[in-house]
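Working notes, beginning with the structure itself.
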Ligand SMILES: NC(=O)c1ccc[n+]([C@@H]2O[C@H](COP(=O)([O-])OP(=O)(O)OC[C@H]3O[C@@H](n4cnc5c(N)ncnc54)[C@H](OP(=O)(O)O)[C@@H]3O)[C@@H](O)[C@H]2O)c1
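Have a look at this one:
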């Protein structure tokens with residue numbers, strides 16, 4: 002496969018498919034003639050094709066016809082039936098799948114060995130270039146094409162190669178985590194509103210504060226506890242706030258959220 006000229010077919014073009022297609026168009030040098038997509042509701046797909054720039058197709062076969070790389074971006078429960086229709090059309094192609102639970106082993110029980118497979122778990126911040134893209138380390142892509150594909154995905158955020166047995170917890174943390182942080186943004190903003198800050202401004206202040214704290218940790222590499230200690234002056238307001246959070250089970254609640262997400266995905 003020549004990754005500089007290859008064509009991509011999306012099977013499913015919802016929230017995540019659109020985020021990936023948008024990034025490929027805007028940041029990875031794909032023009033609209035190199036991206037095909039199929040989804041059952043053609044009018045919706047056509048509307049989206051005008052916004053993002055890709056060729057809408059009326060059948061999965063039409064999307065696959067000219068494609069070298071296929072991105073499986075429909076819901077996990079829709080895949081088995083779809084594979085029944087397109088199994089033969091996938092022969093010899095690279096298949097990237099972003100569907101929760103559909104890892105290499107699961108595809109290998111269904112597909113021909115000539116299909117080169119990679120399971121990827123992205124998350125919604127990929128839409129703004131700040132996602133986390135987990136690549137299952139077990140895969141059957143060619144080494145060079147995997148490097149190039151990882152490079153495409155790096156335009157959407159951090160790309161991490163993760164052992165198969167850690168994809169579940171990695172996905173629970175980075176895939177469900179944005180919703181947990183959204184609750185946090187809402188809660189801090191509610192508090193700010195209760196003291197008189199207008200709501201829109203409260204969201205902006207809170208989100209920028211969280212973004213800044215995360216960036217400081219990423220760029221300094223310091224442990225969060227060290228960064229926390231640095232802003233807790235003795236007898237000051239921050240340590241009082243930290244104690245209030247501890248009293249109300251803040252960290253225990255975060256850990257329980259991840260455990261609940263893991264229990265559900267079993
Ligand atoms: N959203 C996330 O945060 C996230 C994170 C990581 C991974 N994922 C994975 O990404 C995948 C897509 O999630 P999403 O949030 O983008 O879902 P979504 O917005 O509901 O989009 C699903 C897409 O699949 C299409 N579709 C339905 N049946 C199909 C079929 N038989 N063949 C081909 N396409 C079909 C839908 O088309 P119509 O609209 O025409 O019905 C739609 O375009 C899921 O497997 C999910 O596990 C999502």
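Residue numbers (the numbering used here): 2 to 267.
The beta carbon of each residue, even a glycine, is placed where N, CA and C say it ideally should be.
Please read all numbers here as calculations on a predicted model, not as lab measurements.
Looking at the secondary structure, which residues open and close the alpha helix (DSSP H) in which residue i lies?
i, result
"residue 181", "178-195"
"residue 266", "251-266"
"residue 18", "16-28"
"residue 48", "43-53"
"residue 85", "77-87"
"residue 229", "225-232"
Mind checking whether the beta-carbon of residue i lies closer than 6 Å to any heavy atom of ligand 1?
i, result
"residue 99", "yes"
"residue 74", "yes"
"residue 63", "no"
"residue 167", "no"
"residue 8", "no"
"residue 45", "yes"
"residue 14", "yes"
"residue 77", "yes"
"residue 17", "yes"
"residue 135", "no"
"residue 125", "yes"
"residue 41", "yes"
"residue 23", "no"
"residue 83", "yes"
"residue 158", "no"
"residue 176", "yes"
At which residues does the beta strand (DSSP E) containing residue i begin and terminate?
i, result
"residue 9", "9-12"
"residue 38", "36-39"
"residue 58", "56-58"
Just verifying my parser: in three-state terms, what is the DSSP assignment at residue i?
i, result
"residue 238", "helix"
"residue 206", "helix"
"residue 212", "helix"
"residue 115", "coil"
"residue 198", "coil"
"residue 101", "coil"
"residue 245", "helix"
"residue 95", "strand"
Would you say the beta carbon of residue i is closer than 6 Å to some non-hydrogen atom of ligand 3?
i, result
"residue 115", "The model on display carries ligand 1 but not ligand 3."
(message) Pairs of beta-carbons, one from the stretch 35-43 and one from the stretch 18-25, closer than 8 Å: are there three or more?
(response) With the cut-off at 8 Å, the stretch 35-43 and the stretch 18-25 touch.
(request) Taking only runs that begin and end inside the stretch 117-174, name each unbroken alpha helix (DSSP H) of 4 or more residues, in chain order. (result) 144-155, 168-172
(request) Could you tell me whether the stretch 125-138 touches the stretch 156-165, using the rule of 3 or more Cβ pairs below 8 Å? (result) yes
(request) Count the C-beta pairs between the stretch 21-38 and the stretch 49-66 that are closer than 8 Å, then say yes if the count reaches three, no if not. (result) yes
(message) Would the stretch 139-151 count as touching the stretch 112-126 if we require 3 or more Cβ pairs under 8 Å?
(response) yes
(message) Would you call the stretch 194-206 in contact with the stretch 166-177, where contact means no fewer than 3 C-beta pairs closer than 8 Å?
(response) no
(message) Assess contact between the stretch 62-74 and the stretch 86-100, defined as three or more Cβ pairs (one per stretch) separated by less than 8 Å. Is contact present?
(response) yes
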